[in-house]
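A.B. asks:
Protein chains: 2
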Amino acid sequence: MKITVPTLLLDKEKCLRNIRLMVEKARRNGLRLRPHFKTHQSAQVGEWFRQEGVEAITVSSVRMARYFANHGWTDIMVAIPVNVLELETINELASRVRLHLIVVNEEVVPILQKGLNHKVAVWLKIDTGYHRTGIPATNYKTIDNALQTIAATDKLEFQGFMAHDGHTYKQTDAEAIRAIHQTTVDHLNQLLERYKGQFQTIELSIGDTPSCSILETIVGVDEIRPGNFVFYDLTQQHIGSNTYNQIAVCMACPVIAKHSERNEIILYGGSVHFSKDVLSQSDGSNLFGRVVAMTGNGWTDPVEGINLVSLSQEHGILKATDEQFANYSIGDIMYILPIHSCLTADSMKSYLTLEGERLEHLAGLPESYLQFPRPHSVWRTCECLTSEII
Amino acid sequence: MKITVPTLLLDKEKCLRNIRLMVEKARRNGLRLRPHFKTHQSAQVGEWFRQEGVEAITVSSVRMARYFANHGWTDIMVAIPVNVLELETINELASRVRLHLIVVNEEVVPILQKGLNHKVAVWLKIDTGYHRTGIPATNYKTIDNALQTIAATDKLEFQGFMAHDGHTYKQTDAEAIRAIHQTTVDHLNQLLERYKGQFQTIELSIGDTPSCSILETIVGVDEIRPGNFVFYDLTQQHIGSNTYNQIAVCMACPVIAKHSERNEIILYGGSVHFSKDVLSQSDGSNLFGRVVAMTGNGWTDPVEGINLVSLSQEHGILKATDEQFANYSIGDIMYILPIHSCLTADSMKSYLTLEGERLEHLAGLPESYLQFPRPHSVWRTCECLTSEII
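Printed below as a string of structure tokens:
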């Protein structure tokens, strides 16, 4: 397939290898792998997980839950504090899948109990140090109250405690990541000890890609929810989660101008394609992507002497050495590893595999595609139409 | 219409006022207004321009050009160095609209001459100080050569010199913006003087929102191409281009958690909604948006004591004073002015007007919608289907 515009390439072999490594690690450690599908948001990539035996998934929105429920997933955690304004869709979902919701504040519990028509699993989100959201791990009074309120409902089945160590993303040292992980596991196990008399089963769930990638042995939890590992990216490589060779997505962008006076190459490919996520370099400069070369069956590790250093809406600027500057011409396609694969995929809205297959991304489907309620006839027409056009 | 998920609101009255002010300024100065439609990317917003007499537009991709050509626009500049890999679509477009392409490097000229089936207008992009792309304004040898090569073709009609003063975006002082603008106008007029003997007509085109907003009198050019002014945003307000009251788009996001231990409110609304663009504050902190309150017919200026200070993929964190923290509850919708309206609109992919009308955005249309070539029957089916579902 001829590439003429910015395109997100997906190396299926690398992706399958990433999936299999994590599936195997979870199996070896006796853990349920509940991968976070917000990274790929693709029904087809989801199937690759299913083929490896994965049955439970994590998503970051109710809309994403509907999308994957429509593709046959029946055990779904919406890993964001529950949005009580979406009760209508939550009810529709809870009528057909095992739905897991996240509670952070006690006051949502009576709203859920009143509004739900079906039972759902609920997890208390615990803040073990990231400080984005969650009840602080030693704030027992708040946790006591929340659990009492949950226990008094008949719609909310308390499932356990979950945490997300987003602060591992700021680390570049494996020992620091291990320490963060251990603190979280200790906190969650203290809560397990405290409350295990009150509930028949309490599960513990964690799930950042750095911990799940760097640790070989994971004990003291029941479930892991990493997401980014399916593709990895330059941020995770910088953290130490993966090698360059494991990065499974790559942007392909046309060269549209060259500036010999300052060794800069202009790409058709900007912030609406890559997203604005950036890796700050030790010299204070910004890195928005690194250049690789295509081989017969994939791409190389990044080449030296040329980097994506700036993005505006549709333009990207590469800064090069004399030698690298001479290697690329207007009309060439250049290949760039992304800084943050989740946001790049969400911006690009579809994938092209190295075999030339187009894979869908939820963000590329029209808003109306998942609109609820939806007449069955329109649903069918739309699916036919999509397959006809693509 | 009940809002339950992150939604981009559009105040049509403010937007129309922004459009009319710029149309009137262009008319008063005897300039052609060729607004940059990359900010809104919406057929319906385009109609509001048409109603004010605008006939020529700017876009940032060939895809966007096709979208607006399909909606009846016939004079379109693709304001990015021409992507020679898209000649097939360029030819299709050039067969039905007056298409303006941008040349930066001489070597694209023979590629265009060979590949084009129809005449197009070409502009030389001149770098007058922004240093993103363009031929340096005093690099006469390069400009001489490029113009000679263009003059020798029969498909490329040299239209004039164009520049984009993107460096005004880094200013917060009207005098600095005036100085940048004047430098650019001087450079372009020097080129006009130098080459006016060789070409029957040479037009000069400029077009950043700060200059076009701040200057009342614009002389020495033929055309202005501002884009962001249709909505404005906090970045432009910071620069001095607009008042808060002129910002015509606003995010509506549900409150999903509250953290009284640190006066933080968690929104359902993250970087996939707002984009990651940020305003660095003088104290070193990051600003991702400011809170407004809804009134009977729109929204207020930003309130003090509460700001959007952090974004992850789907979460936003607001930091508040005690008083402001108490003002918002879980399940409320909060209203946030965006940092960069172009990227927020591109992320959100549609608009909801205050009157409850849904407006489309090109990014929200399926990739296949504009695919080329496209069977006419499928095109019609898809349009019917879209109107049926929405």
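These protein sequences, in sequence, are chains A and B. Numbering follows my numbering, in which position 187 of the first sequence is assigned residue number 187; successive positions increment by one, without gaps. Numbering follows my numbering, in which position 366 of the second sequence is assigned residue number 366; successive positions increment by one, without gaps. From the three backbone atoms N, C-alpha and C, an ideal C-beta is built for every residue, glycine too.
(1) Mind pulling the chain A residues with CB within less than 7 Å of residue 342 of chain B?
(2) Using the beta-carbon count (16 or more within 10 Å), is residue 297 of chain B buried or exposed?
(3) If you draw a straight line from the C-alpha of residue 279 of chain B to the C-alpha of residue 285 of chain B, how long is it?
(4) To which residues does DSSP link residue 283 of chain A through a beta bridge?
(5) What are the start and end residues of the alpha helix (DSSP H) that includes residue 327 of chain A?
(6) Which residues, in order along the region 106-133 of chain B, keep a beta-carbon less than 9 Å from a beta-carbon of chain A?
(7) Residue 95 of chain A and residue 79 of chain A - do their beta-carbons sit closer together than 9 Å?
(8) Counting only beta-carbon separations shorter than 9 Å, does residue 363 of chain B have a partner in chain A?
(9) Go ahead and pull the three-state DSSP assignment for residue 265 of chain A.
(10) Could you round the C-beta distance between residue 317 of chain A and residue 132 of chain B to whole angstroms and report it? I think they count as a contact, below 8 Å.
(11) Could you work out which residues of chain C lie near residue 268 of chain A, taking near to mean beta carbons separated by less than 7 Å?
(12) So what does DSSP say about residue 419 of chain B, is it helix, strand or coil?
(13) Counting only beta-carbon separations shorter than 9 Å, does residue 383 of chain B have a partner in chain A?
(14) From this set, B:178, B:220 and B:17, which residue's C-alpha is nearest residue 32 of chain B's C-alpha?
(15) Below 8 Å CB to CB, which residues in the same chain sit around residue 4 of chain A once its five sequence neighbours on both sides are set aside?
(16) So the alpha helix (DSSP H) residue 51 of chain A belongs to, where does it begin and stop?
(17) Within the chosen definition, does the region 288-304 of chain A reach the region 85-93 of chain B through at least 3 CB pairs nearer than 8 Å?
(18) For residue 310 of chain B, collect the residues of the same chain with a Cβ closer than 6 Å to its Cβ; drop the 5 residues on either side in sequence, then sort them by chain order.
(19) Quick one: is residue 346 of chain A near chain B, going by C-beta distance under 9 Å?
(20) In chain A, what lies closer than 7 Å to residue 257 of chain B by C-beta?
(21) For the region 261-272 of chain A against the region 313-332 of chain A, are there 3 or more C-beta pairs whose distance is under 8 Å?
(22) For the alpha helix (DSSP H) that contains residue 105 of chain B, what are its first and last residues?
(23) Do you know offhand how far residue 382 of chain A's Cα is from residue 51 of chain A's?
(24) Can you find a C-beta in chain B that's less than 9 Å from the C-beta of residue 357 of chain A?
(25) Alpha carbon to alpha carbon, what distance is there between residue 354 of chain A and residue 12 of chain A?
(26) State the start and end residues of the unbroken beta strand (DSSP E) segment that holds residue 96 of chain A.
(27) Does any C-beta atom of chain A lie closer than 9 Å to the C-beta of residue 186 of chain B?
(28) Going by DSSP, name the residue or residues bridged to residue 32 of chain A.
(29) When the Cβ atoms of the region 242-254 of chain A are set against those of the region 326-338 of chain A, are three or more pairs found closer than 8 Å?
(30) Using only CA atoms, which one of B:120, B:46, B:234 and B:83 lies nearest to residue 359 of chain B?
(31) Note down the Cα distance separating residue 363 of chain A from residue 352 of chain A, rounded to an integer number of angstroms.
(32) How many Å lie between residue 183 of chain B and residue 101 of chain B at the Cα?
(33) Residues of chain A with CB under 9 Å from residue 277 of chain B, in chain order?
(34) By DSSP, does residue 19 of chain A sit in helix, in strand, or in coil?
(35) Just verifying my parser: in three-state terms, what is the DSSP assignment at residue 91 of chain B?
(36) Determine the chain A residues that contact residue 284 of chain B at a beta-carbon separation under 9 Å, and present them in chain order.
C.D. replies: If we stick to the structure as given:
(1) Numbered from 1 along the second sequence, position 342 holds the residue referred to as residue 342 of chain B. In chain order: 313.
(2) Counted from its first residue, the second sequence places residue 297 of chain B at position 297. That one is exposed.
(3) Taking the first residue of the second sequence as 1, we reach residue 279 of chain B at position 279. Taking the first residue of the second sequence as 1, we reach residue 285 of chain B at position 285. Going from the Cα of residue 279 of chain B to the Cα of residue 285 of chain B covers about 9 Å.
(4) Taking the first residue of the first sequence as position 1, residue 283 of chain A is located at position 283. DSSP, once it has assigned bridges, lists no residue as partnering residue 283 of chain A.
(5) Indexing the first sequence from 1 puts residue 327 of chain A at position 327. Unbroken run through residue 327 of chain A: none, as it is neither H nor E.
(6) 107, 108, 111, 125, 127, 131, 132 and 133
(7) Working through the first sequence from its first residue, we reach residue 79 of chain A at position 79. Working through the first sequence from its first residue, we reach residue 95 of chain A at position 95. Contact: no.
(8) Taking the second sequence and counting its residues from 1, the one referred to as residue 363 of chain B is at position 363. Taking Cβ atoms only, chain A reaches closer than 9 Å to residue 363 of chain B, which makes this a yes.
(9) As a working note, residue 265 of chain A is residue 265 in the first sequence. Here residue 265 of chain A sits in strand by DSSP.
(10) For the purposes of this step, residue 317 of chain A is identified with residue 317 of the first sequence, where counting begins at 1. For the purposes of this step, residue 132 of chain B is identified with residue 132 of the second sequence, where counting begins at 1. That belief holds up - the Cβ atoms of residue 317 of chain A and residue 132 of chain B are roughly 7 Å apart, short of 8 Å.
(11) Included in the structure are the protein chains A and B, with no chain C among them.
(12) Absent from the model: residue 419 of chain B. The displayed extent of chain B is 1 to 390, so no value can be given.
(13) One-based indexing of the second sequence puts residue 383 of chain B at position 383. For residue 383 of chain B, the predicted model reports a pLDDT of 40, less than 50, meaning its position is unreliable and no value from the coordinates is stated.
(14) The residue given as residue 32 of chain B occupies position 32 in the second sequence. Nearest to residue 32 of chain B by C-alpha distance, out of B:178, B:220 and B:17, is B:220.
(15) Here residue 4 of chain A corresponds to residue number 4 of the first sequence, with the count starting at 1. Here the set comprises 254.
(16) As a position in the first sequence, residue 51 of chain A is number 51, starting the count at 1. Segment 43-51, the alpha helix (DSSP H) holding residue 51 of chain A.
(17) no
(18) As a position in the second sequence, residue 310 of chain B is number 310, starting the count at 1. Cβ within range, chain order: 317.
(19) By one-based count along the first sequence, residue 346 of chain A stands at place 346. It does; some Cβ of chain B falls within 9 Å.
(20) Translated into positions along the second sequence, residue 257 of chain B becomes position 257. Those within 7 Å of residue 257 of chain B in chain A are 81, 104, 105 and 133.
(21) yes
(22) Within the second sequence, residue 105 of chain B is the residue found at index 105, counting from 1. Looking at the DSSP string, residue 105 of chain B is not in any alpha helix (DSSP H), and its letter there is neither H nor E.
(23) Counting from one through the first sequence, the residue named residue 382 of chain A turns up at place 382. Counting from one through the first sequence, the residue named residue 51 of chain A turns up at place 51. For residue 382 of chain A, the predicted structure reports a pLDDT of 38, less than 50, and the residue's modelled location is therefore unreliable. The matter cannot be settled from this model.
(24) Taking the first residue of the first sequence as 1, we reach residue 357 of chain A at position 357. So, not an interface residue.
(25) In the first sequence, residue 12 of chain A corresponds to position 12, counting from 1. In the first sequence, residue 354 of chain A corresponds to position 354, counting from 1. One C-alpha to the other measures close to 7 Å.
(26) Sequence index remark: in the first sequence, residue 96 of chain A carries index 96 (1-based). Run containing residue 96 of chain A: none; DSSP gives neither H nor E here.
(27) Locating residue 186 of chain B in the second sequence gives position 186, where the first residue counts as 1. No, because no Cβ of chain A sits closer than 9 Å to the Cβ of residue 186 of chain B.
(28) As a first step, residue 32 of chain A is located in the first sequence; it is residue number 32 there, counting from the start. DSSP output for residue 32 of chain A lists A:223 as bridge partner(s).
(29) Proximity of the region 242-254 of chain A to the region 326-338 of chain A meets the contact definition, three or more beta-carbon pairs being nearer than 8 Å.
(30) The residue labelled residue 359 of chain B in the question sits at position 359 within the second sequence. It is B:46.
(31) On the first sequence, position 363 is the one that residue 363 of chain A refers to. On the first sequence, position 352 is the one that residue 352 of chain A refers to. Cα to Cα, residue 363 of chain A sits roughly 15 Å from residue 352 of chain A.
(32) As a working note, residue 183 of chain B is residue 183 in the second sequence. As a working note, residue 101 of chain B is residue 101 in the second sequence. Near 24 Å, if we compare the C-alpha coordinates of residue 101 of chain B and residue 183 of chain B.
(33) Along the second sequence, read from residue 1 onward, the residue named residue 277 of chain B stands at position 277. Near residue 277 of chain B (Cβ distances below 9 Å), the residues of chain A are 271 and 276.
(34) Translated into positions along the first sequence, residue 19 of chain A becomes position 19. In the structure shown, residue 19 of chain A sits in a helix (DSSP, three-state: H, G or I).
(35) Here residue 91 of chain B corresponds to residue number 91 of the second sequence, with the count starting at 1. Looking at residue 91 of chain B - three-state DSSP - the assignment turns out to be helix.
(36) Position 284 of the second sequence holds residue 284 of chain B. Residues of chain A passing the Cβ test: none, with the nearest at roughly 14 Å.
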